[in-house]
Amino acid sequence: MKERYLNRIELLQGTLDMLILQTLQWGPRHGYGLSQSIRTNSGEILKVDTGSLYPALHRLEKQKLIAAEWKVSENNQRTRVYKLTSKGKKQLRSERSRWSQLSEAIAGVLDPAKSEGDA
Amino acid sequence: MRFLFWRRKREEELDEELQSHLRMATQDRVERGETSEQAEQFSRRQIGNVGLIKETTRDIWGWRWLTDVVQDLRFGLRMLRKNPGLSALLILTLAVGVGGTTAMYSVIEAVVLRPLPYVDDTRVMVITGENLKTLNEWGTQSFEILADFRAGGLDLSFSGSAQRVMASETSENYFTVFGVQPVIGRVYTSAEVVAGRERVAVIADALWRTEFSASPEAIGATVHLNEIPYTIIGVMPSRFSFPGKTAVWVPITKGGQSLQLSRSEQVDFPSMMNDRVIGSLRPGISVEAARVEMEGLRQRMERFYAGTNVGVTSRIGVSPVTRILSARYRSELYYLLAAAACVLLIGCVNAAGLLLARGAVRRREMAVRLVLGAGRWRIVRQLLSESFLLAVLSTLIGVGLTWIVVVLIRAYGPADVPRLSEVTVNTNALLFALGIALAAGILAALWPAFVSSTVQLGAAVHPEGPRGAGRLSQRGRRLLTVAEIALAVILAAGAGIALQSLRDTLKIDLNFQPERVLTMRVSPKLPRSAKPAEGVALRRRILDEMQGLPGLIAAGEVANAPFSQDSGGGWFLDIDGKLAAAFAEIEFVEGDYFSAYGLPLLAGRTLKGSDTDGTEHVVVINKTLAGLFGGPSQAIGKQLHVEGPGEVWQIVGVVPDARAIEAYTRPRGQVYFPFTQISPKWTGGDLAILVRASGDPSGLETEIRKRLAHVLNDSPVFQVRTLDAAVLDSVATPRFNSKTLAGFAGVAILLALVGIYGVVAFSVAQRTHEIGVRLALGASPGQILRLVLGEGMKLCVAGIVTGLGIVLAFQKVILSVLFGVKVFDTLTLVIASSALLSATLLACALPALRASRVHPTVALRYE
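Just so you know, the protein sequences line up as chains A and B, in that order.
Using the working numbering, the first residue of the first sequence is number 32, and each one after it goes up by one.
Using the working numbering, the first residue of the second sequence is number 15, and each one after it goes up by one.
In structure tokens:
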């Protein structure tokens, strides 16, 4: 019942959170690095808006899904580096399964014949 | 504070994080071959509005409202600092009110309201009346348990020297009334009570700790009470100590010899109740119901004993224990609280007035803010946070003041008020006073906000605008000032009357000379089997020891120490064959008692050493009693038959009424018996020594103690004080009350003056322009001076008239509550009013002088 009311913003927000968590699973990154990784890995399709990225990072930090730390980067700059917490890993797992359910469901709706054939 | 610091750090970090993002983005672009300028421009455009990002991120931190509040408070602090004098006045004025009220309430809470820790005040009742010993035998439906007790002082020793302690003889169910169990050991049984031979005792926690270091070995140990050995069987918990500071409880003896407790000790109980009954109500029975039943019982007793010579109490009272304890002090404490509340009220009025004055000055600021688009709620909120700051700051200082006052009261308060030592700063009262201070601040903050919101914005912002306006707040301020002066007048009148009554009391002719007399109490121990002659010999020996003291004028002995809690009690006298014709207080004396006390003979002779058991029984009476015979000289040679020892006594001398100033009582008849002619059965074991000297008698104490040591065999010499001190001690409570009230009145007047000063000074500041015009048009500085002074005086006179009006209107009420004053002293009122008026003149002089010295050109340009 609840899924029916998923609105666009919520979906996007959740998606960004998930993307951040997923990207961080490959290792700690700073904000800029995150946005670059997401862009490259999505084949330059997903461009993360800085105005959404940092509020999202701080929100995830507040929820203790990620942890932040100041580090000195390769070219001697102080940057804030985020890494996944164990709580964040758990969250990522559940979000991924939710996401695959959701995308399967959407795929089913978009392509009914194929999904019937599968069943 | 830590939050602010932490937050600032977060803020800086966010900034750095975004900067590093920007740097890295630019670097990437440069690496891809763009010029650094291009790259930076592009990155900046891509990152978007940094301010907005920060704002959104901050929202995620979720402290937006808090930062707003912090901002408001910071602004409030800045406003307070901008006008330090005014702010200090505001804060102090509120702090004094908060402190005074909280301290007084704390006292009341401890003395009157706080239930005893071991007592269910809804169930444990004291039954008052005379001769209630048989009450239990009559049966009662209202009470589950009725227990007898009798309290007083005795000498207690374990080994070596004795100490004076409070003791109680109680029935075995006494502890059950309170529902207390001993910490260790047991309480006595009914068998032990009835027999009266089992010498067992239950001791208090304090005694257990000091004498036995709280060791269980106390059980079974022997303690000597008035030199009789008792076995300790139990220890009461520390929270239980009733009545007063009882150190030891022993079984009451029914009909047998009692412990001879001295009634001169303070027992936290109204006197005139030698034997008391305490009981716990049955569940569901109201105090009212119990009273009705007791009255019925009393009437039954009356009918039963009609025609016999058994006395039946004329009234019977049922009151909760705590209420009985504080009965004497309750009303006076509440008046003091009312006085403190008046001070708080004045403080609030003051604060409101000063805030209003400032609000008027800031109307333009408010108008500008409104024009610039500030929400009204935002402005009100800001004003509120300023008031809040004021209230909190003054409450903090008020707490400090309360604490000081409480410490002072504990140290210097009258000793006879029960539980005064338990006074602590009361949190509820503090919160209440804080609430009042807050309410005053909020009202004062809302008024200018309200006024500014009704203002025509255009007119208010206009440079000429605010000057003429603000009549509403000005009238408000004046009303407030008049109100606070009126309040101060009422307080001053009250304090004046109280002080006057105290002065009158101290002026009462005591009829004796209390100067240079040392009094002390001793408890000479004689075996119960001792013959009267042995007591006579011991008292003689004590007097003999006094001979040769440096500067000795006279030394005497008396059974009851002067101005001790209870008098010696009274007996009915049969005169001229008429039964019980008079009731007189009795006293037993020996040696040069009358000279030592300073009572001159009016007629006849004093009691002499030659009045002994073998000679005719003689007494000296006082003037009041002699009045029954037609006067001092007529009384000589007449005979009295007294209720106690019976026998006929010949009146040989008359002395003036030695008045106790304490209770403003009318002098009562008094009979002085010679110790030598009366059985120890009637005199009890108490003895006080009076020594009159030619110099300061206090220096004699060590010498007297030394001389008494071997006569008294180490039994204690205690309550050593001069007769002067005893007289003063007896009025300690009214003295303390009057002084406190006077203190409050003084503070009230001071605050009222601050209020007048504030109002006049602000009005002068506001009217600088007008004053300049007047000066420019030819007004002399003298005229300006008069103008400003006139304004202040008008307010003051209005306040005084209002205050006096209220005082006179409630004259009857005020007189009845104020320490029994009967005559309204107009002089006090006149002095108080004129003092207030001249002080106002001083308070107004400063701003008035300032106004008269204004230079017209400066004033006209004044903005």
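Glycine included, C-beta positions come from ideal geometry on N, C-alpha and C.
Nearest CB-CB separation between R37 of chain B and chain A: below the 8 angstroms threshold. Distance from the CA of G570 of chain B to the CA of A740 of chain B, rounded to the nearest whole angstrom, comes to 17 angstroms. Q132 of chain A and R46 of chain B have their C-alpha atoms roughly 40 angstroms apart. With respect to V634 of chain B, V656 of chain B sits apart: the two C-beta atoms are not nearer than 8 angstroms. Inclusion of A702 of chain B and R530 of chain B in the CB contact set at 8 angstroms is not warranted, their separation being larger than that value. The straight-line gap separating the alpha-carbon atoms of R59 of chain B and L108 of chain B is approximately 56 angstroms. From the beta-carbon of Y63 of chain A, the residues of chain B found nearer than 8 angstroms are S34, H35, M38, A39. Using a CB distance cut-off of 8 angstroms, P59 of chain A does not count as an interface residue toward chain B. When the beta-carbon positions are compared, V572 of chain B and V603 of chain B come within less than 8 angstroms of each other. For P243 of chain B, the pairing in a beta bridge is given by DSSP as B:H238.
Just so you know, the alpha carbons of S255 of chain B and A218 of chain B end up roughly 7 angstroms apart.
G62 of chain A has its alpha-carbon roughly 9 angstroms from the corresponding atom of L32 of chain B. Note on Y426 of chain B: under 16 other CB atoms within 10 angstroms of its CB, so exposed under the neighbour-count rule. A596 of chain B and V844 of chain B have their alpha carbons spaced roughly 46 angstroms apart.
Contact annotation for R111 of chain A against chain B: E27, E30, E31, S34 [CB-CB distance below 8 angstroms, chain order]. The beta carbons of V291 of chain B and I105 of chain B sit no closer together than 8 angstroms. In the three-state DSSP reduction, G645 of chain B falls in the coil class, being neither helix nor strand.
As the crow flies, the alpha-carbon of S227 of chain B is around 10 angstroms from that of A220 of chain B.
Taking the Cα of N72 of chain A as reference, the smallest distance to any Cα among A:G119, A:K102, A:L55, A:T81 is reached at A:L55. In terms of Cα proximity to A500 of chain B, the closest of B:A762, B:Q52, B:F586 is B:A762. Distances from the alpha-carbon of L457 of chain B to those of B:L404, B:G62, B:L415 put B:L404 closest. The alpha-carbon of E436 of chain B is positioned some 13 angstroms away from that of L422 of chain B. Inclusion of L613 of chain B and A672 of chain B in the CB contact set at 8 angstroms is warranted, their separation being smaller than that value.
Put simply, of B:A117, B:V262, B:R296, B:D73 the residue whose alpha carbon is nearest the alpha carbon of L160 of chain B is B:R296. Under DSSP, A215 of chain B takes part in a beta bridge, and its partners are B:I246. In this structure, DSSP gives G367 of chain B a helical state, which the three-state scheme calls helix. The shortest CA-to-CA distance from Q691 of chain B to any of B:L621, B:E717, B:L639 is the one to B:L621. The closest CA to that of A779 of chain B, considering only B:L505, B:G792, B:V802, B:L767, is found on B:V802.
Counting along the chain, W130 of chain A sits inside no beta strand (DSSP E); it lies in the alpha helix (DSSP H) bounded by residues 117-141. For the pair F732 of chain B and V669 of chain B, the CB atoms are not nearer than the 8 angstroms cut-off.
Chain order gives the chain A residues near G62 of chain B as D80, T81, G82, where near means a beta carbon separation below 8 angstroms. At a cut-off of 8 angstroms between beta-carbon atoms, T81 of chain B makes no contact with chain A.
In this structure, the straight-line span from the alpha carbon of A857 of chain B to that of Y119 of chain B is close to 32 angstroms.
Nearest Cα to G166 of chain B within the set B:G258, B:R314, B:A766, B:A551: B:G258.
DSSP assignment within the segment 567-643 of chain B yields the following whole alpha helix (DSSP H) runs of 4 residues or more, N-terminal first: 607-611, 637-640.
Judged by DSSP secondary structure, D743 of chain B falls within the alpha helix (DSSP H) whose first and last residues are 737-744.
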